[in-house]
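Residue numbers (my numbering): 3 to 262. We put the beta carbon where it would ideally sit given N, CA and C, even for glycine.
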Amino acid sequence: MQCSFCSIDQDLPFTCSYCKMVLCSSHRLPEKHDCIQLHTVHSHRDIEYLNPQRISNTRSFDSKINQLLSSESRHLFLGMILVLLVGISFFFVNFGGSYPVWTVLVLSIILMGSFLIHEMSHKFFALKNGFNAEFRVNSFGLFLTFLSIFPIPFKIIAPGAVVISGSPSKKILGQIALSGPFSNIVLGFISIIILFWSSLSSEWQSILSTAAFINGFLATFNLLPFSIIDGKKVFDWNKIIWFVFFFISISFILIVSYSI
């Protein structure tokens, strides 16, 4: 059975007593897998341990972030703001000389919206299948995304992820993972349809073609079958379905790139 947090196969998995996720030994503690019931964990610990210093020493940085933000909306807000800032940085550096400022802002908002829809697709598909799911930021992802705000060659947008409670089957887990990239493919096609079936100014044509590329790239990157990326879960569930959607996303990027 796979760890719900890192997807590593486990012969003797652990089940979190708070959120019911199936976990490996490295992520069995609530602080290590961004448990969505972490506030409950801490309330128990505050009762059990009377020494505040001991409580402080046992909490990871991730748990402190969770306690500070406390609700999913705050986690989402923080993640979206960071993605927006990364977008502004990227588009201003690469297109600031040829695009007006308002275009840079619109593209950055599109990037943020695509990220939000991607994550919420995971959440709503999990809820549809009877599993609680909430978006949670994590310290490492926040750090990488924050670094990407600065003018570095490669941008990483991964402030957090949707954390699922319970033990979904490999099929359901794969479908939940696929829902995110699928939403980006749909958004990309919508952008192309609007681009070719409407009379727009050259600025909006550039915005729509770039929006299509953004979503194609997000879909392709997230379908890579590595580590904890969505593609690994889809690949483990059904290799044919993974190949079909990965092929679609790459083909989409190539077509959009050729037409820009």
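Query                                                                                                                                                                : Result
Restricting to Cα atoms, I'd like to know which of Ala213, Phe245, Trp239, Ala128 is closest to Ile255.                                                              : Ala213
Give me the residue from Ile111, Gly132, Ile250, Phe148 with the minimum Cα distance to Ile178.                                                                      : Gly132
Taking a contact to mean a Cβ-Cβ separation below 9 Å, would you say Lys22 touches Ser169 in this structure?                                                         : yes
What is the rounded straight-line gap between the Cα of Tyr260 and the Cα of Val188?                                                                                 : 19 Å
Please give the ranges of any beta strand (DSSP E) in the region 105-188, keeping only runs that are unbroken, at least 3 residues long and fully inside the region. : 135-139, 162-166
So Ile83 is in the alpha helix (DSSP H); what residue range does that whole segment cover?                                                                           : 74-97
When you compare only the Cα positions, how much space is there between Asp48 and Tyr20?                                                                             : With a pLDDT of 39 at Asp48, under the threshold of 50, the modelled position of that residue is not reliable, and the figure given next carries that caveat. Rounded to the nearest angstrom, the two C-alpha atoms are 16 Å apart.
To the nearest angstrom, how far is the alpha carbon of Lys173 from that of Phe223?                                                                                  : 21 Å
If you drop the 5 nearest sequence neighbours on each side, which residues of the same chain put their C-beta closer than 7 Å to that of Ile250?                     : Ile187
Considering just the uninterrupted stretch of the alpha helix (DSSP H) at Tyr260, what are its terminal residues?                                                    : 241-261
Please list, in chain order, all residues of the same chain as Lys235 whose beta carbon is under 7 Å from its beta carbon, the five residues on each side excluded.  : Ser9, Leu175, Gly176, Ala179
Please name the residue or residues paired with Leu25 in a DSSP beta bridge.                                                                                         : Phe16
Look up Phe279 in the DSSP assignment and say whether it is helix, strand or coil.                                                                                   : The displayed coordinates of the chain run from 3 to 262. Any statement about residue 279 would go beyond what the structure contains.
Can you give the Cα-Cα distance for Leu202 and Pro102, rounded to whole angstroms?                                                                                   : 16 Å
How many Å lie between Arg138 and Ser91 at the Cα?                                                                                                                   : 24 Å
Under 9 Å, do Glu121 and Gly162 count as touching if we go by C-beta distance?                                                                                       : yes
Buried or exposed: Asn278, going by 16 or more other Cβ atoms within 10 Å of its Cβ?                                                                                 : This structure leaves residue 278 out entirely; the chain is present only between 3 and 262.
Select from Phe184, Phe93, Leu118 the residue whose C-alpha is nearest the C-alpha of Val108.                                                                        : Phe93
In terms of alpha-carbon separation, which member of Pro32, Ser150, Ser75 lies closest to Val95?                                                                     : Ser150
Please report how far the alpha carbon of Ile243 lies from the alpha carbon of Asp232, in whole angstroms.                                                           : 13 Å
Among the residues of its own chain, which have a CB less than 6 Å from the CB of Trp239, if the five just before and after it don't count?                          : Lys172, Lys173, Gly176
Alpha carbon to alpha carbon, what distance is there between Ser28 and Cys18?                                                                                        : 12 Å
Starting from the Cα of Phe219, find the closest Cα among Lys241, Lys125, Ser185, Phe145 and give me that residue.                                                   : Ser185
Which of helix, strand or coil does DSSP assign to Asp238?                                                                                                           : helix
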